[in-house]
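Novice: Quick note: the sequence shown, position 97, residue 104 per the working numbering, numbers continuous. No residue lacks a Cβ here, since even glycine has one placed at the ideal position from N, Cα and C.
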Amino acid sequence: MLQDDVVTANLPQDMQKIENGQTIEFRALNPNRAGGLKTIKSLDKKIENGIKVKINKDSIIFDDEVYKWAEYTVVSDYAGLIVILDATTDRKVLTFANHYMIEQPNVVTNIINILGGR
């Protein structure tokens, strides 16, 4: 229920920003590598230094790896799962899922399904 509220509150604004040429950024963290965190401040630092998933109207970017919507099939069947397929062969190029926790996973899934469906 809370995630539905997050999507309702953020998806329209994020999509408008993307349509206007902006890039939306979501932070992701591998929880298995976050060991030894003793404070919220140390968690913030780990998250800030984690993977950045950026989405714009042309592509989805994982740190410096760019996957253009026109060249790849990008799907997200459930929150937190992102699968990149070669558009020609349907071969998996990247699966971003179980090993990472991403901010606003339901918003990310909705954005991917909107942009990937074009």
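1. Which value, in whole angstroms, describes the spacing of the CA atoms of valine 60 and threonine 46?
2. Nearest CA to the CA of histidine 106: which residue from Ile54, Leu88 and Lys75?
3. Please report the straight-line C-alpha distance between arginine 125 and methionine 22, rounded to a whole angstrom.
4. Are the CB atoms of threonine 30 and isoleucine 68 within a distance shorter than 9 Å?
5. Please name the residue in Ala35, Gln20 and Lys75 whose C-alpha comes closest to that of aspartate 93.
6. When the Cα atoms are used, what is the spatial distance from glutamine 38 to glutamine 20?
7. According to DSSP, simplified to helix, strand and coil, what is alanine 94?
8. Could one say the Cβ of valine 13 lies closer than 9 Å to chain D's Cβ atoms, at least one of them?
9. Can you check whether the CB of asparagine 120 is closer than 9 Å to the CB of valine 73?
10. Between Ala77, Ala35, Val90 and Met108, which lies nearest to lysine 101 when the distance is taken from Cα to Cα?
11. Tell me the rounded alpha-carbon separation between leucine 36 and methionine 108.
Specialist: Here's the rundown:
1. 24 Å
2. Leu88
3. The predicted position of arginine 125 is uncertain, since its pLDDT is 46 and thus under 50; a value taken from the coordinates is nonetheless stated next. Arginine 125 and methionine 22: Cα-Cα distance of roughly 14 Å.
4. yes
5. Lys75
6. It should be pointed out that residue 38 corresponds to proline in this sequence rather than to glutamine. Roughly 29 Å between the two C-alpha positions.
7. coil
8. In summary, chain D is missing from the structure at hand, where a single protein chain is found.
9. no
10. Sequence inspection shows leucine at residue 101; the lysine mentioned does not correspond to that position. The candidate whose alpha carbon is nearest that of leucine 101 is Val90.
11. 5 Å
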